[in-house]
Every structure is written in structure tokens, then in C-alpha cells.
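J.: Chains as they are written, first to last, in this note's numbering: chain B, 1 to 294; chain F, 295 to 715.
Ideal Cβ placement from N, Cα and C applies to all residues, glycine included.
Remember, it's a predicted structure, so these values are computed and weren't measured experimentally.
Once you've had a glance at the structure underneath, I'll fire off some questions.
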């Protein structure tokens, strides 16, 4: 190993191609984008050097703050939902369904492979109110709960929950499989020993299964948070950020600023704050988990 | 290793060969990026004419692409950045179209059409109207010549003893009556946003006169002025009273139009581009004879009159000058020499192209609309016509909150003024 690492030719052959591609398709655009943050304008309107103005502007931008808060709230709710429900499902597969869980596992996993736009269309129809009631409003009406009938996707509050429900539903099967794989790896003897010591149900999960599963739970959380903080397609397809801009996360705001308001510079600044947020959250989760282990 | 290379080469050939063959068979590809469906409105007419042309001239292939209007500006920006705009494309914002022209991405159509000897096919009034939007240059094809107003269901009006309203108060009284009778007074797509801002536009045009928004563009009026607040409040009241029905912000264009065409809504603010659907018995279940059309009503203490109409040449269709060559010229000549007549005969659609003689079987509704268009004394444009991209977007996004009462009229206009500055 030492020998291989000292042989720079070998290193170049092994790492070179990947590093080259990584540099071209990832590092260069990142540097480029950071460069944009010092400019205002677009290829169409022309660029103007503005120094740090974009960074000054972002602290006074009410829409930015709203988008940041919405995105954070959304990420917290959806990631917790995805991982907790995933964990519960994994335990269901492992301890109750056991060998017969294949069908359920497949069904729960199915939404993961569906295109987001298709799922969004389905949810939009489920929660529709006009031109006719969707399934949810029809049910409410059928149950005599007329006053609960509403345009779920046309109001900021309810739209948030519809989007959250869809994204949890869509991804929980993925985390269930991930965590299930971790559960399978826990040696049967350990569980057996714990059972003999009198642990079962909650105590077994809390003090034996969870600690052993922690590395995978942490990975799942990081995966999930980075996915949900960068959510774009499901919200675009479901509400387009509306009504108004009340369900607009940073990604949609960045897109709007860059390509509708025609300001690549400020859009890149928004993108950069999102990247910083993702890094901070990831570090926070890792730090918490390290502290928990020691 | 050798085997692998051979397989890779074979695979590469299999992928690339069809592309090479295609390029050989078709020397010219005309691509139209449209906000309409393939068979709808001007897109349908162009599609039909293009198919006819390709049958005779196999060297030209026509391709239709779709982009929803809400995403169009973004898409155009991205295509411009990668220098891959299609041959013809829709542009909703005049400000964007002017930028594109400045960058050499949108042709001066007057020059282009003169080059191919078809400029005289255009209706001068439509050309003037189109030019007034984009700084005196003809940058968009006047594929439509639209007159906007309120379409109404004559039968529902008669059944409820309501006359065609001429004042805002009368229209609101009619709406209240419909609402009590369990009929949705207005069909409007809040999802599209602009059908709502059009109502604010109509109101201020009646309040300040037809030049209201032109004065805003010149800085003589501010959208935070009292008349604008009154207009925004009037439209918000309509929403709060449920005149647009439930879930207005989730209703798309087609569904809103269907509500009217199926007799579920009494009134529908829309331009005459809807004539294609209004004349189509498959879509129009209330019957074309039951459709009436009136101009935006006057408002109390306003300067505007009902002789002034909201006119426009529809969403602009630009031509990419980088694809201009003899093949495109011949194609343009064929398609746009026949466009005006075909739009009128096939769809009953009024366009900004000259029509040698009116077809005998012109639908009555189209004839009536043409008469109104001919009698228009003065014209004003739509709300966002002179707005920047950002202001257009802010006007549309926030109107969804205005109409549900989640934003006050004062805040709506203050944010809009901020975007306009």
C-alpha cells in the first residue's frame, strides 16, 4: 500500500481520470458560480461587477429569509418523517413480517422509483378542489365534514403539509430498505442475549437495536437532509412555490432569481448560502453523533 | 481488451449512426417552441401549414416543442445561455424579447419579411400595435389580433334576469346574484396568475383612462396611488366573496375555460384567442349562440370609457435570425402567406395578417368580435406589458395571495412598486 501511494504514476493512473471528470463537471462550475456572486446580470443583459453587494443585499432580502425558513422547516419535518417512518417500517419488516416482508417491502419501495412529476400529479389530483373535488375533499364531503373541504394546494399552510406528506411517502421506502439492511446485520446472538436479559419491545429497540443501528441512522439522516434541503422537483411540480411564493424553498428562489429576474449573480449568492447550509447541517449531525458515541 | 474496444466502437456507432442519417435526410429543421398545445390556436395552424409544406418539400422538417407559459422565461434564458434557441419561439415578456433582439437572438421581422417579400401580408394596425410594445421594432409575429373583455353566458344571464352590465357596480351586483343562485360568477385561472392581474388592469384603465399603465411606465403614476389600491381591493373583494369559486389558485387555464364552456360559470375574462374554443362545439357545451361579449365596465369616478379596449397581438412569436437561410425563407413565405386565411377559416381566429376576403361561413361569434374590434376607439395593453421580468413575476406571484386575502392591497402594490423601481 505504502509503495503504491509513493508511486505517483500509479496514483495518477488510478485517481487521474476520476479527478479530471470531477474537476470539470463539479469543481469548475462551483468556482464559476462563486465567481458570479461578485457580479450582477445575466448572459442576456450583460454582467456588471458589484463587489460584495450581493452579500449585502441577501441580509435585507425578506423573500430570501422566508425561503430559507421554509426550506429549513420543510427539511426538518420531511427528513424526520422519512427516517422515523423508515425505521419503523424496517422494524416491522424485521421483527413482525420477517420472511414474508418481500411484497410489503416492494410496495413501500415502489414510490421511490416513480417519477416525481407523476407522484406530484397524483397528489395534486388527490387534494384537488377545482374543477371538481379530489379524493380527499370527496371523502370529507361524504363524511359530512363540509367545513373541512378546502383547496389544500391553494393555501400556504395546507400546501406545506401536502408537499411534506408526498415527499415522506415517496422516500420512506428507501430509508426503510437502507435501515432494514442494517437491522439484518445485527447478529442474532446479540438480540438473543438481550432477550434472555429481559429486554423486549421498546427496551430492546432503544438500548440494543438503536445503538447498533446508529451509524446507518446517521447516514440516512445526512442523506435525507441533503436531499430535502435541496428539494426542487416535487415542489415545482406540486405548487410551483405557490400560492404566491409561500412554498418556495431556496432552490426555487435561486432558480427564479437567476432565470426569471435575470440575475445570475444574486442567484449564485442564494445558491452559495444553500450550499453552506447543507455543509453546516451535515457537520452538525456528524458532530452530534460523534458526541453521542463518546 | 481488443474485444472490448471493438464492442465500444460498435456501440458508439449504433448510437451515432441514426443521428448522422437523420442529418443527411433533412437538410433543414424548423423548430417551434410554443406555449400552446400542438393542435391549439396559432400553433395548430402553423403545424398544419408546415405539414403541407413538408409534403411538397422533403428537405424541410417541422418540429413542435412545448413549454408552459409559467416556465417559458426561464427556459428561454437557459436556451440563450447555451446558444440553442429554436427557429421560432414564444416570448411572453416584451422586456425579454427586446433583450433577445439586442443580443441578435430575435430577428427584426419587418426586415426579414421584406427580404422574402411577405411584409405586405401583415395588417398595418397589428404591426403598429406590436411595435408599440417592443420599442418601435417589429420583433414578434402578430399571430393573433386580440380584443379582451368579458365573455358571458347569455342563458344564465337571462334565466336570472340579469342584463349585460356596463358599470363595475352592476357587474358586482350580477355576481352577487349568481353566487346566491349557486352559480359561480367568474371562471378564472389563478394558477396562470395573469387572468387575475388583467382585472386589476381593466379597473385602473377605467379609473385613470386607457393610458394608465403607460403613465406608470413613464413614472407619472405610481402603482401605490389611491386608484390602484382601489382596483386591487375591488379584485380582492371578488376573491374573498368567492366569486372565482373554490381553489382559484389551483385552477389551470383549460379547467377555468371549461367551467365557462360547460355552463358552470357565468362570466369569463379572456381575449378573443379563445374564439377557437368558443366556436368548437366539442368544447363549448353551452352553444356559441349563448355566448355574449362585453367590454370591461366603467368604474365610479373613472376617466376611462367603454370605447377603449384591451388589445394586443397575443404572446409574441420571435424568429431566430441565426437560422435564417433560403430554406427558412421559402418555408416562411409559404406558411405566412397562407396563415391569416387559414387561421380564420379553420379556427375562426382573428390574426394580425391580412385576409383577402372574409370566408362566407365565418362563425357568428367571430363576426361579432370582429365588429367590436373594428369599432374600438382606443386601445390599452395588458398589465405587465411594460414591466421588467422581475416586476411581471412579482405581479403574478403576489396576486395569488391578494385574491385569497393573504396579502393586503397596499402590500401587494408596495411590493410591485419596489420591483418596478
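Run down chain B in chain order and give the residues with a C-beta less than 9 angstroms from the C-beta of residue 700(F).
T.: 155, 156, 243, 244, 246, listed in chain order.
J.: Residue 228(B) versus chain F: which residues are under 9 angstroms apart at the beta carbon?
T.: Ordered by position in chain F, no residue passes the 9 angstroms Cβ test against residue 228(B), which lies about 23 angstroms from the chain.
J.: Using three-state DSSP, classify residue 480(F) as helix, strand or coil.
T.: It is a strand residue.
J.: Below 8 angstroms between beta carbons is the criterion; list the residues of the segment 79–95 of chain B that meet it against any residue of chain F, in chain order.
T.: none
J.: To which residues of the same chain is residue 81(B) closer than 6 angstroms at the C-beta, ignoring the five residues directly before and after it?
T.: 168
J.: Under 7 angstroms Cβ-Cβ, which residues of chain B neighbour residue 385(F)?
T.: Chain B residues near residue 385(F): none, gap ~12 angstroms exceeds 7 angstroms.
J.: Per DSSP, which one or two residues make a beta bridge with residue 603(F)?
T.: 673(F)
J.: Compare the beta carbon distance of residue 486(F) and residue 559(F) with 8 angstroms and say whether it is the shorter of the two.
T.: no
J.: Buried or exposed: residue 11(B), going by 16 or more other Cβ atoms within 10 Å of its Cβ?
T.: exposed
J.: Grab the span of the beta strand (DSSP E) containing residue 337(F) for me, first residue to last.
T.: Annotation for residue 337(F): no beta strand (DSSP E) segment contains it, though the alpha helix (DSSP H) segment containing it runs 335–350.
J.: Name, going along the chain, the residues of the segment 11–42 of chain B whose beta-carbon falls closer than 9 angstroms to a beta-carbon of chain F.
T.: Listed by position, the residues of the segment 11–42 of chain B near chain F (Cβ gap below 9 angstroms) are 42.
J.: So, with DSSP's three-state summary, where would you put residue 108(B)?
T.: helix
J.: Residue 339(F) CB to nearest chain B CB: under 8 angstroms?
T.: no
J.: Between residue 538(F) and residue 482(F), which are expected to be in contact by the criterion C-beta below 8 angstroms, what is the C-beta distance as a whole number of angstroms?
T.: Right, the Cβ-Cβ distance comes to about 5 angstroms (below 8 angstroms), so this counts as a contact.
J.: Nearest-angstrom Cα distance between residue 369(F) and residue 259(B)?
T.: Distance between the alpha carbons of residue 369(F) and residue 259(B) is about 8 angstroms.
J.: Please state the DSSP three-state secondary structure of residue 41(B).
T.: strand
J.: List, in order along the chain, the chain B residues whose C-beta lies closer than 8 angstroms to that of residue 646(F)?
T.: The contacting residues do not exist; residue 646(F) stays about 26 angstroms from chain B at best.
J.: Count the other CB atoms within 10 Å of the CB of residue 318(F); is the residue buried (16 or more) or exposed (fewer)?
T.: Residue confidence is low: residue 318(F) scores 47 on pLDDT, short of 50, so the model does not pin down where it sits. Its coordinate-derived value is still stated next. Residue 318(F) counts as exposed, since fewer than 16 other C-beta atoms from the protein chains shown sit within 10 angstroms of its C-beta.
J.: Could you tell me which chain B residues have their CB closer than 7 angstroms to the CB of residue 694(F), listed as they occur along the chain?
T.: Contacts between residue 694(F) and chain B, judged by CB atoms closer than 7 angstroms, involve 242, 243, 244 in chain order.
J.: Would you call residue 147(B) buried or exposed, if buried means 16 or more other Cβ atoms sit within 10 Å of its Cβ?
T.: exposed
J.: Taking a Cβ distance cut-off of 8 angstroms, strictly less, list which residues of the segment 703–715 of chain F are near chain B, in chain order.
T.: Residues of the segment 703–715 of chain F whose Cβ lies closer than 8 angstroms to any Cβ of chain B: none.
J.: Against chain B, does residue 364(F) count as a neighbour if the rule is that its beta carbon must be under 8 angstroms from one of theirs?
T.: yes
J.: Please state if the CB of residue 235(B) and the CB of residue 209(B) are separated by a distance shorter than 8 angstroms.
T.: The beta carbons of residue 209(B) and residue 235(B) sit no closer together than 8 angstroms.
J.: Do the segment 81–94 of chain B and the segment 130–137 of chain B make contact, defined as three or more Cβ pairs closer than 8 angstroms?
T.: no
J.: In this structure, does DSSP put residue 317(F) in helix, strand or coil?
T.: Low local confidence applies: a pLDDT of 49 at residue 317(F) is under 50, so the model's placement there is unreliable, and no value is given.
J.: Give, in chain order, every residue of the segment 257–275 of chain B whose Cβ lies closer than 7 angstroms to some Cβ of chain F.
T.: 259, 260, 261, 262
J.: Fully enclosed by the segment 379–404 of chain F, which beta strand (DSSP E) runs are 3 residues long or longer?
T.: 382–385
J.: Which one of 490(F), 515(F), 581(F) has the shortest CA to CA distance from residue 547(F)?
T.: Among 490(F), 515(F), 581(F), the Cα nearest to that of residue 547(F) is on 490(F).
J.: Under DSSP, the alpha helix (DSSP H) around residue 47(B) begins and ends at which residues?
T.: Run containing residue 47(B): none in the alpha helix (DSSP H); it sits in the beta strand (DSSP E), 46–49.
J.: Below 8 angstroms, can you find three or more Cβ-Cβ pairs linking the segment 466–473 of chain F to the segment 439–457 of chain F?
T.: yes
J.: Using only the alpha-carbon positions, how far apart do residue 406(F) and residue 354(F) sit?
T.: 19 angstroms
J.: Assess contact between the segment 673–682 of chain F and the segment 373–389 of chain F, defined as three or more Cβ pairs (one per stretch) separated by less than 8 angstroms. Is contact present?
T.: yes
J.: For residue 522(F), which of helix, strand or coil comes out of DSSP?
T.: helix
J.: Label residue 249(B) either buried or exposed according to how many other C-beta atoms from any shown protein chain fall within 10 Å of its C-beta, with 16 as the threshold for buried.
T.: Residue 249(B) comes out buried.
J.: Ignoring anything shorter than 4 residues or poking outside the segment 506–558 of chain F, list the alpha helix (DSSP H) runs there in chain order.
T.: For the segment 506–558 of chain F, whole alpha helix (DSSP H) runs of length 4 or above, ordered along the chain, are 506–512, 520–534, 547–555.
J.: Which term fits residue 21(B), buried or exposed, when burial requires 16 or more other beta carbons within 10 angstroms of its beta carbon?
T.: Exposed, by the Cβ-count rule.
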